[in-house]
Amino acid sequence: MNVLKVPTRTIAVFVLPALLLYICLVFVPIIVSFYTGLLNWDGITAAKFIGFGNFKNMFLHDPIFWPSVLRTLLYAVASIVEIPFCLLMAILLNRYVRKGNALVSIYFTPVILSVVIIGQLWSTIYNPAAMGGMLNGVLTSIGLERWTHNWLTEPKIAMYCIYVVSLWQYFGYHLLIQFTGIQNLPSEIYEAAKIDGADGFKADRYITLPLIVPIFKISVVLAFIGSLQAFDLVMVMTGGGPAHATDVISTHMYNSSILSQKYGYGSAIATFLVLVCLSFTVVINLIFSRLEKKFG
Amino acid sequence: MILNSKKMIGVALTGALTLSLTACGGTDTKTTDSGSATTGDKSTDKKVTISFQNIYPDPTTPSYKMLHSIVDQYQKDHPNVTIELDTLNTDQQKMKLKTQAASKEVPDITIVNPAAQMKPFVDAKLLAPLNDMLDQNGLKDTYQKGLLDNYSFDGNTYAVPDGNNIEVVYYNKELFQQAGIAKTPTTFDELLQDVKALKAKGITPIAIGEKDSWTGSFLFMNILLRTYGGPGFLKDVVDGKKTFNDPAFTLAVDRFQDLVQAGAFPDGATSIDYNAGGNIFKTGKAAMYIMGTWETGSIDASSVASKVAAFQFPTVDGKGDVNQYMLAPGSAFAVSANSEHVQETKDFLNYFALNLPKKQFEYKNAVGLGQKIDGDLKASGYSDLAISVAGLFNNISGGDLAFDNTMNPATAQAHLGSIQNLFVQKVDAVQVAKEHQSAFEANK
Numbered sequence: 152m153n154v155l156k157v158p159t160r161t162i163a164v165f166v167l168p169a170l171l172l173y174i175c176l177v178f179v180p181i182i183v184s185f186y187t188g189l190l191n192w193d194g195i196t197a198a199k200f201i202g203f204g205n206f207k208n209m210f211l212h213d214p215i216f217w218p219s220v221l222r223t224l225l226y227a228v229a230s231i232v233e234i235p236f237c238l239l240m241a242i243l244l245n246r247y248v249r250k251g252n253a254l255v256s257i258y259f260t261p262v263i264l265s266v267v268i269i270g271q272l273w274s275t276i277y278n279p280a281a282m283g284g285m286l287n288g289v290l291t292s293i294g295l296e297r298w299t300h301n302w303l304t305e306p307k308i309a310m311y312c313i314y315v316v317s318l319w320q321y322f323g324y325h326l327l328i329q330f331t332g333i334q335n336l337p338s339e340i341y342e343a344a345k346i347d348g349a350d351g352f353k354a355d356r357y358i359t360l361p362l363i364v365p366i367f368k369i370s371v372v373l374a375f376i377g378s379l380q381a382f383d384l385v386m387v388m389t390g391g392g393p394a395h396a397t398d399v400i401s402t403h404m405y406n407s408s409i410l411s412q413k414y415g416y417g418s419a420i421a422t423f424l425v426l427v428c429l430s431f432t433v434v435i436n437l438i439f440s441r442l443e444k445k446f447g
Numbered sequence: 003m004i005l006n007s008k009k010m011i012g013v014a015l016t017g018a019l020t021l022s023l024t025a026c027g028g029t030d031t032k033t034t035d036s037g038s039a040t041t042g043d044k045s046t047d048k049k050v051t052i053s054f055q056n057i058y059p060d061p062t063t064p065s066y067k068m069l070h071s072i073v074d075q076y077q078k079d080h081p082n083v084t085i086e087l088d089t090l091n092t093d094q095q096k097m098k099l100k101t102q103a104a105s106k107e108v109p110d111i112t113i114v115n116p117a118a119q120m121k122p123f124v125d126a127k128l129l130a131p132l133n134d135m136l137d138q139n140g141l142k143d144t145y146q147k148g149l150l151d152n153y154s155f156d157g158n159t160y161a162v163p164d165g166n167n168i169e170v171v172y173y174n175k176e177l178f179q180q181a182g183i184a185k186t187p188t189t190f191d192e193l194l195q196d197v198k199a200l201k202a203k204g205i206t207p208i209a210i211g212e213k214d215s216w217t218g219s220f221l222f223m224n225i226l227l228r229t230y231g232g233p234g235f236l237k238d239v240v241d242g243k244k245t246f247n248d249p250a251f252t253l254a255v256d257r258f259q260d261l262v263q264a265g266a267f268p269d270g271a272t273s274i275d276y277n278a279g280g281n282i283f284k285t286g287k288a289a290m291y292i293m294g295t296w297e298t299g300s301i302d303a304s305s306v307a308s309k310v311a312a313f314q315f316p317t318v319d320g321k322g323d324v325n326q327y328m329l330a331p332g333s334a335f336a337v338s339a340n341s342e343h344v345q346e347t348k349d350f351l352n353y354f355a356l357n358l359p360k361k362q363f364e365y366k367n368a369v370g371l372g373q374k375i376d377g378d379l380k381a382s383g384y385s386d387l388a389i390s391v392a393g394l395f396n397n398i399s400g401g402d403l404a405f406d407n408t409m410n411p412a413t414a415q416a417h418l419g420s421i422q423n424l425f426v427q428k429v430d431a432v433q434v435a436k437e438h439q440s441a442f443e444a445n446k
């Protein structure tokens, strides 16, 4: 900044509009939502201040809350585990496929489809055979009738079926990010490495991986935060049912505030969700700054 | 929304302008409180826009046609009145109204649901009492006796319903014959036997769309209405006379589970939504459909129309009276207390409510009307099914409202989840009762 000799006041003026917008659209709602979380409020009649009562209920007495947190975290972990595979795929595509772009575009198609369409599509695939469910139909036709299930209505497996859809949908998304990241790496480095005798997988190990870390981080953060907020797919496919077996944090929040008309309680869950998202973002950033230091 | 409110302000300003202009002319255009004897007809020069939130989005339904034909006629008769329709589907409307209520911007006319569901709006003083409107043109007397009680609090009526329905068992005569069932069941055990007989023939016994969890609850509540020997269980719970641990309740849970265990419902019922559930029956793939009489019209319009008849929900273990039903007083029209032109709105609603039954009758949608109508169903070409269902209404000797119309929303949600769970796993009835009781106590 000293080099440019721009007065602080000027900087402030230029930053102000965006900052104001950011504060109004992000911070104020978070604070309002936190405050609402302290109320016993049905959204219509007068609200009553009850301090941390909602939070206490949420942590100690709500039988749906912790399982839904667990499912959300599992969702997040699953979507992170997916990313190394995306990276591997991107490396392979980059190396062995001449027109990789076309393939990547194809893998990307599910991302541009609306989640509602994806949800309906997969619901039909998962349907019981009697209703023309494709998956069960295929299993039956190859003699694996014992493996057929009511995929979306058996409490023990319904959630995993939704994970699969989500992973399938976002595979192309993360693949695209990694693929583009790799393509943008300067080719001189690889040429220099080749002269030094580092070729093939060796080049990937010592050049691609370290240089791709920042891109990898973006994918991880996006995947993690995205799955913490997962809502639409669950809502379309099961609505959190059967009997809350597929409730995640955000569907539980929605059900509490809208259906049960406990806005205060819903806001408390929302506050929890914000805190979880923030703290995990910090943790992920910490981990990656270590990684970057190590490789950098 | 922004556009909308701008428009509203514009209209309000123009209104104010004309008001002040005519005030110069010396005619009193204020028709509110001061002159309750004069109706809105006198202020024909005052431009009024009435916003009308409604839940009739489907142009193929009789209700849609009824709404539009009445509104068009009224606008023709009253050139100064513009009715602005805000048409949504049921769930959207519920959500939008709650959002609007939070900021006290309820449309002039909106839709509320009976009893416990509309109570928060009444408590928040968002709705205008309609007693004076009901007295106009004898509107009050057109409603079935006691129906308006579901929309009244402390002696004031806050909404008028678009219908009144009961829960019956529709059945497909052809499929019953195929399974060798000679007569409709009158006891729950017979019903169970029929379910097994149908199942053995590979026919889905009872259609349901349990993804929308109220459907299962509606059926369960009918069993409870029988095991309790009559209506009022939930009310007694609210009043503290009973708890959910009552044997009537656990028996109802057990009997309901008997149905599930006998394979009465389609595979994956909890992933089927309400419409798809109904279609299983309407396409002839299921033998029974236990639902409100509002379905009569659409069953008549389906491919199985000629094969369908209806019977009363059977008694359970010898308890209950088949002439007691799960009652479903309809969604209802309410007027915003903060409306800028309450009187004009009431005048319109009065006209609307008076003409609703006539139009519904014309459009072959008279089964499940909340108002008395003159007219012969048979002569007007109604189906046998419609006539027989309409006949059931004559012998109603009481009944219960749906769970979410009796209990607060939080308890109702816990109940819906608990019942949905019974579709996917067997649960000890005592446990189900406990879930209900603790949800009830936590949300009292």
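Chains as they are written, first to last, in my numbering: chain E, 152 to 447; chain X, 3 to 446.
Backbone N, C-alpha and C fix where the C-beta goes; we use that ideal spot for every residue, glycine too.
Compare the beta carbon distance of D125 (chain X) and T299 (chain E) with 7 Å and say whether it is the shorter of the two. no
Please list the residues of the stretch 269–282 of chain E that have a C-beta atom closer than 9 Å to any C-beta atom in chain X, keeping them in chain order. S274, Y277, N278, P279, A280, A281 and M282
Kindly provide the ranges of any beta strand (DSSP E) runs that are 3 or more residues long and lie completely inside the stretch 275–323 of chain X, ordered along the chain. 288–294 and 310–313
Got a sec: which bits of the stretch 398–423 of chain E sit with their beta carbon under 7 Å from any beta carbon on chain X, in order along the chain? N406, I409, L410, S411, Q412 and K413
Against chain X, which members of the stretch 171–187 of chain E pass a CB distance test of less than 8 Å? none
If you measure from the beta carbon of D93 (chain X) to each beta carbon in chain E, is any gap under 7 Å? no
Where do the ends of the beta strand (DSSP E) carrying S53 (chain X) lie? V50 to N56
Mind pulling the chain E residues with CB within less than 7 Å of M328 (chain X)? Here the premise fails: no neighbours, minimum Cβ distance about 21 Å.
Would the stretch 352–372 of chain X and the stretch 65–74 of chain X be scored as touching if the rule is three or more Cβ pairs under 8 Å? yes
Given this structure, state the Cα-to-Cα distance separating L217 (chain E) from F210 (chain E), to the nearest angstrom. Per the sequence shown, residue 217 (chain E) should be read as Trp rather than Leu. W217 (chain E) and F210 (chain E): Cα-Cα distance of roughly 8 Å.
When the cut-off is 7 Å and only beta carbons count, does T432 (chain E) lie next to chain X? no
Beta carbon proximity, V255 (chain X) to chain E, threshold 7 Å: no
G279 (chain X) and G211 (chain X): beta carbons closer than 7 Å? yes
Which chain E residues are close to S105 (chain X), counting only those with a beta carbon under 7 Å from its beta carbon? None at all; the shortest Cβ gap to chain E is about 10 Å.
Do A161 (chain X) and the ligand PLP come close, with the Cβ less than 6 Å from some heavy atom? Ligands in the displayed structure: none, and consequently the ligand PLP is not present.
Name the two residues that bound the continuous beta strand (DSSP E) containing L87 (chain X). V83 to T89
Establish whether the CB of T272 (chain X) and some CB of chain E are separated by less than 7 Å. yes
At a Cβ cut of 9 Å, what residues of the stretch 189–216 of chain X count as close to chain E, listed as they run along the chain? T206, E212, K213, D214 and S215
Take A349 (chain E) and list the residues in its own chain whose beta-carbon comes closer than 8 Å to its own, dropping the five residues that flank it on each side. If we look at A349 (chain E) and ignore the five residues flanking it on each side, its Cβ neighbours are Y357 and I358.
Where N436 (chain E) falls: helix, strand or coil (DSSP): helix
Can you tell me where the beta strand (DSSP E) holding L329 (chain X) begins and where it ends? That run of the beta strand (DSSP E) goes Y327 to P331.
Give the secondary structure of N152 (chain X) by DSSP, where H, G and I count as helix, E and B as strand, and everything else as coil. helix
Buried or exposed (CB count within 10 angstroms, at least 16 for buried), T33 (chain X): Legend: pLDDT at T33 (chain X) = 38, less than 50; position of this residue unreliable, no value from coordinates given.
Expected contact under 8 Å - CB spacing of W413 (chain E) and A104 (chain X) to nearest Å: A small correction: the amino acid at residue 413 (chain E) is Lys; Trp does not occupy that position in the sequence shown. With a Cβ gap of about 13 Å, K413 (chain E) and A104 (chain X) do not count as contacting.
Three or more C-beta pairs under 8 Å: does that hold for the stretch 311–328 of chain X against the stretch 234–246 of chain X? no
How many angstroms separate the CA atom of F350 (chain X) from the CA atom of S215 (chain X)? If you draw a straight line from the Cα of F350 (chain X) to the Cα of S215 (chain X), it comes to about 36 Å.
Any beta carbon of chain E sitting closer than 7 Å to that of A184 (chain X)? no
So which residues of chain E does V426 (chain X) contact, with C-beta pairs closer than 7 Å? Those within 7 Å of V426 (chain X) in chain E are T304, E305, P306, P393 and A394.
To the nearest angstrom, how far is the alpha carbon of I375 (chain X) from that of G294 (chain X)? 20 Å
Return yes when the Cβ of S378 (chain E) is within less than 7 Å of the Cβ of A227 (chain E), no when it is not. yes
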